[in-house]
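**Student:**
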Amino acid sequence: MTATHCPYCAFQCGMVLAGPHDPVAGDPASPASRGRLCVKGWTSIELLDHPDRLLHPLVRDGAGRLRRASWDAALDELADRLDQVRAGAGPAALGVFGSGALTNEKAYLLGKFARVALRTPNIDYNGRYCMASAAAGQNRAFGLDRGLPFPVSDIAKADTVLLWGSNCAETMPPIMQWFNEQQARGGTLIVADPRRTATARRAQLHLQPVPGTDAAVANGLLHLAVVEGLLDEQYLAERTTGFDAVRRSVATWTPARVERIAGVPAADLETTVRALAEPPAAMLLSGRGPEQQTKGVDTVLAFTNLMLALGRVGRPASGYGTLTGQGNGQGGREHGQKADQLPGYRSIADPADRARVAAAWGVSPDALPGPGMSAYEMLTSAGTAGGVRALLVVGSNVAVASPATRRVAAALGRLDCLAVLDAFPNDTTEAAHIVLPVTQWAEEDGTTTSLEGRVLRRRRAVNPPAGVRSDLEILCELARRLGRGEQFPSADPERVFSELAAVSAGGRADYAGLSYDRIDAEGGVCWPCPDPAGPGSPRLFTERFAHPDGRARLAPVTYRPAAEEPSERELSHPARIREGSCPFWRAQVMYTWDTSTRRCTPRVTAPKGSALGVTTTEVVPGGVGWVIHR
Ligand code: SF4
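Residues in the sequence shown are numbered from 16 upward in steps of one, following my numbering.
Listed below in structure tokens is the structure:
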């Protein structure tokens with residue numbers, strides 16, 4: 016039996032595996048999940064020996080067909096094509112697209128590969144579509160971005176939890192044990208969500224803001240806190256800057272105005288702000304609903320303004336946090352696969368950060384590229400003047416998991432070289448010139464970082480099928496062919512992790528005190544952990560924030576309506592949903608289904624209408640619903 020973690024979401028439930036044909040069991044020793052799994056975890060094993068697995072490299076021939084190739088032939092071909100593009104159009108014509116599903120080791124080595132082996136600035140990942148707003152908001156407010164700045168077990172100790180835009184009863188069911196415990200202890204759960212979700216039905220109070228008005232509601236709550244004398248003035252004076260401007264900015268956000276714009280009754284606003292301000296412990300947790308908007312960063316800042324003004328952040332079982340999505344959505348955004356980032360959450364634009372990482376990598380700081388294009392810019396500019404001409408995609412089905420899919424598909428078709436590392440054929444491999452088959456989660460060692468910042472061990476539980484290689488092996492082999500083998504000496508995950516930990520030393524996400532042995536011994540350690548002999552950091556901001564002066568920042572948030580309103584034609588149809596709002600499928604099967612592999616057996620049957628997130632009473636018999644995918 017091998018103890019590892021579910022690959023699918025950032026809750027990272029502990030699981031125990033015996034073999035590819037044995038049932039998965041939850042691991043009671045896992046501190047966050049305590050033995051629970053959801054249907055995604057239970058069915059994860061089905062994909063390991065699935066007959067559709069890619070088992071050998073594929074290279075597109077002159078007739079346009081993908082043909083089986085040897086590893087040497089495929090890697091030689093890919094290295095030649097990358098070299099040709101670089102020689103003809105410069106290193107910035109090479110692009111790398113990563114994933115929040117990659118282990119920390121892969122995310123780190125991919126960032127190093129882009130900057131050192133390819134020498135391109137253009138690397139980004141699918142977390143750009145997911146967590147970027149929450150990350151940017153937390154960095155601005157607190158100087159640091161970690162999903163939860165406290166252990167998930169603190170949820171159970173909070174007197175009030177305001178859960179905003181997350182249907183975690185369906186998307187992350189094992190976390191509900193902490194909400195259940197919180198309510199059993201007499202705590203209050205308030206859910207803010209336009210839909211009456213399974214999670215909202217469990218709350219004592221359900222706020223239903225009009226989609227896109229979340230910041231108006233948060234500003235209105237802060238307005239009430241000001242006029243009703245609920246602020247923590249001492250905390251604001253000692254631990255923050257910027258509140259005077261925020262106080263002025265919320266002066267006009269009266270309950271009547273909020274009710275008119277957002278549709279939330281004034282009495283519910285009053286109940287909510289008092290529930291957040293009056294008991295000893297209160298927290299606000301957000302999900303992708305309010306974050307994945309054109310104004311997502313502003314909305315997160317409205318949340319942090321509120322919780323800072325109430326003096327909650329850094330206090331016991333209190334503060335603001337965000338429920339990270341992808342399996343390694345947290346660690347995947349810390350170690351260098353973002354366009355503006357170097358390992359340890361360092362900035363690629365900061366001279367000191369550049370010098371530190373360049374020295375560790377054995378290159379001159381001047382040789383390190385600067386910030387590159389974001390994920391969407393890189394994809395849609397592909398094949399155009401100034402865009403990338405060759406793209407390496409690792410662990411992401413970008414052809415369907417990006418906005419403006421038709422535009423992205425056209426861009427992929429313009430590339431001189433599209434290479435994809437994946438375990439299954441998918442929409443992106445169909446457009447690829449070269450496809451390289453890789454190991455899956457239970458077939459490899461590594462680490463991931465959960466939504467509470469806990470660095471966990473992924474352990475190899477089964478042998479991979481013959482013919483596949485790990486992403487780390489492939490990157491090292493490519494680097495060698497590109498003349499950079501010296502800087503990529505080992506594909507062994509533990510050695511890569513040791514390098515990552517050393518390079519991260521002194522960075523905001525400092526892993527220097529971590530090793531596989533220590534993570535094994537402690538069952539996971541929360542970062543920052545700079546000292547092998549010192550503790551990890553399960554709770555952040557208890558004494559100071561991560562800005563140089565130790566103070567948190569408040570910033571006025573100007574409310575803007577939704578960037579896109581439905582057209583007359585769209586409004587004339589009976590159902591209107593927003594992109595990404597198919598909660599049933601996302602909840603139960605999407606991680607092993609639509610944008611992933613489409614091969615896992617659904618264990619549940621959708622009631623009529625639920626795939627669109629509407630109830631049967633909202634479906635017009637015989638009517639036609641339009642799913643607008645922009
Ligand atoms: Fe746990 Fe998330 Fe996996 Fe479900 S998908 S078993 S909640 S880690």
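All C-beta atoms in this analysis are idealised placements derived from N, C-alpha and C, irrespective of residue type, glycine included. Small disclaimer: the values here were computed from a predicted structure and weren't measured.
From L62 to T462, what distance separates their C-alpha atoms?
**Tutor:** Computed Cα separation, rounded: 20 Å.
**Student:** With DSSP run on the structure shown, which of helix, strand or coil describes R82?
**Tutor:** Three-state DSSP puts R82 in a strand.
**Student:** At what residues does the alpha helix (DSSP H) containing I205 begin and finish?
**Tutor:** From DSSP, I205 is part of no alpha helix (DSSP H) but of the beta strand (DSSP E) over 203 to 207.
**Student:** In three-state DSSP terms, what is P452?
**Tutor:** P452 falls in the strand class under three-state DSSP.
**Student:** Could you check the C-alpha separation between G304 and R210 for me, to the nearest Å?
**Tutor:** Looking at the two C-alpha atoms, the distance is approximately 11 Å.
**Student:** Is DSSP giving G257 helix, strand or coil here?
**Tutor:** Three-state DSSP puts G257 in coil, outside helix and strand.
**Student:** Let's test the definition: count the other Cβ atoms within 10 Å of the Cβ of H36 and tell me whether it reaches 16, buried, or not, exposed.
**Tutor:** Classification of H36: exposed, given that the 10 Å Cβ count is below 16.
**Student:** Say the cut is 6 Å; is the CB of Y250 nearer than that to a heavy atom of ligand 1?
**Tutor:** Outside the cutoff, so no.
**Student:** Please list, in chain order, all residues of the same chain as D169 whose beta carbon is under 6 Å from its beta carbon, the five residues on each side excluded.
**Tutor:** Excluding positions up to five away in sequence, the list reads A332.
**Student:** I'd like to check one pair, G110 with L406: are the Cβ atoms closer than 7 Å?
**Tutor:** Yes, they are a contact pair.
**Student:** For ligand 1, any of its heavy atoms closer than 6 Å to the Cβ of G468?
**Tutor:** Because no heavy atom of ligand 1 lies under 6 Å away, the Cβ of G468 does not count as near it: no.
**Student:** Between which two residues does the beta strand (DSSP E) carrying I60 extend?
**Tutor:** Per DSSP, I60 belongs to no beta strand (DSSP E) and is neither H nor E.
**Student:** Reducing DSSP to helix, strand and coil, say where M30 ends up.
**Tutor:** M30 falls in the strand class under three-state DSSP.
**Student:** Taking 7 Å as the threshold (C-beta atoms), are A354 and D564 in contact?
**Tutor:** No, Cβ-Cβ distance for D564 and A354 is not below 7 Å.
**Student:** Quick one: Cα of C24 to Cα of C145, how far?
**Tutor:** The alpha-carbon atoms of C24 and C145 are separated by roughly 12 Å.
**Student:** Per DSSP, which one or two residues make a beta bridge with I138?
**Tutor:** For I138, which the question treats as bridged, DSSP gives the partners V111.
**Student:** Quick one: residues in its chain with C-beta nearer than 6 Å to the C-beta of S552, no 5 flanking neighbours on either side, listed in chain order?
**Tutor:** Hits under 6 Å: C541, P543.
**Student:** What residue ranges within the region 167 to 247 form continuous beta strand (DSSP E) runs of no fewer than 3 residues, ordered along the chain?
**Tutor:** Qualifying beta strand (DSSP E) stretches, in chain order: 175 to 179, 203 to 207, 220 to 222.
**Student:** Can you name, in chain order, every residue of its own chain whose Cβ lies under 7 Å from the Cβ of P598, other than the five neighbours on each side?
**Tutor:** Low confidence applies to P598: its pLDDT is 39, below 50, so where it sits in the model is not reliable, and the reading given next is rough at best. Excluding residues within five positions, the ones whose Cβ falls inside 7 Å are N182, E185, T212, G628.
**Student:** Tell me the residue span of the beta strand (DSSP E) that contains D437.
**Tutor:** Where D437 is concerned, the enclosing beta strand (DSSP E) stretches over 432 to 437.
**Student:** Restricting to Cα atoms, I'd like to know which of R496, A517, R510 is closest to D87.
**Tutor:** Looking at the Cα atoms, R496 is the closest of the given residues.
**Student:** Going along the chain, which residues of its own chain have a beta-carbon closer than 6 Å to the beta-carbon of R559, five neighbours each way excluded?
**Tutor:** Contacts found: G565.
**Student:** Whose C-alpha, out of Q198, L284, R80, is nearest the C-alpha of R272?
**Tutor:** Among Q198, L284, R80, the Cα nearest to that of R272 is on L284.
**Student:** Rounded to the nearest angstrom, what separates P38 and A290 at their Cα positions?
**Tutor:** Their Cα atoms are separated by approximately 43 Å.
**Student:** Is there at least one non-hydrogen atom of ligand 3 closer than 6 Å to the beta-carbon of F26?
**Tutor:** Judged by which ligands are present, ligand 3 is missing from the structure shown, whose ligands are ligand 1.
**Student:** Whole-angstrom Cβ separation of G346 and T420, contact assumed at under 8 Å?
**Tutor:** No, G346 and T420 are not in contact; Cβ-Cβ is about 27 Å, not under 8 Å.
**Student:** Of all the alpha helix (DSSP H) runs that stay within the bounds of the region 481 to 508, which reach a length of 4 or more residues?
**Tutor:** With a minimum length of 4 residues, the continuous alpha helix (DSSP H) runs that stay inside the region 481 to 508 are 486 to 496.
**Student:** If you follow the alpha helix (DSSP H) that L284 is in, where does it begin and where does it stop?
**Tutor:** L284 -> alpha helix (DSSP H) spans 281 to 292.
**Student:** For my contact list, E274 and A266 are in at a C-beta cut-off of 8 Å; report their separation, rounded to the angstrom.
**Tutor:** That pair is no contact at about 17 Å.
**Student:** Less than 7 Å between the C-beta atoms of F26 and I190, yes or no?
**Tutor:** Yes. Within cutoff.
**Student:** Would Q197 be called buried (16 or more neighbouring beta carbons within 10 Å of its own) or exposed?
**Tutor:** Buried, because 16 or more other Cβ atoms sit within 10 Å of the Cβ of Q197.
**Student:** With H, G and I counted as helix, E and B as strand and the rest as coil, what does DSSP make of R566?
**Tutor:** Coil, per DSSP.
**Student:** Can you tell me whether T337 is helix, strand or coil according to DSSP?
**Tutor:** T337: strand per DSSP, three-state reduction.
**Student:** Could you check if G461 belongs to the surroundings of ligand 1, using beta carbon to heavy atom distance under 6 Å?
**Tutor:** For ligand 1, not one heavy atom lies less than 6 Å from the Cβ of G461.
**Student:** Please state the DSSP three-state secondary structure of L125.
**Tutor:** The answer is helix: DSSP assigns L125 an H, G or I state.
**Student:** Rounded to the nearest angstrom, what separates I534 and R473 at their Cα positions?
**Tutor:** Distance between the alpha carbons of I534 and R473 is about 10 Å.
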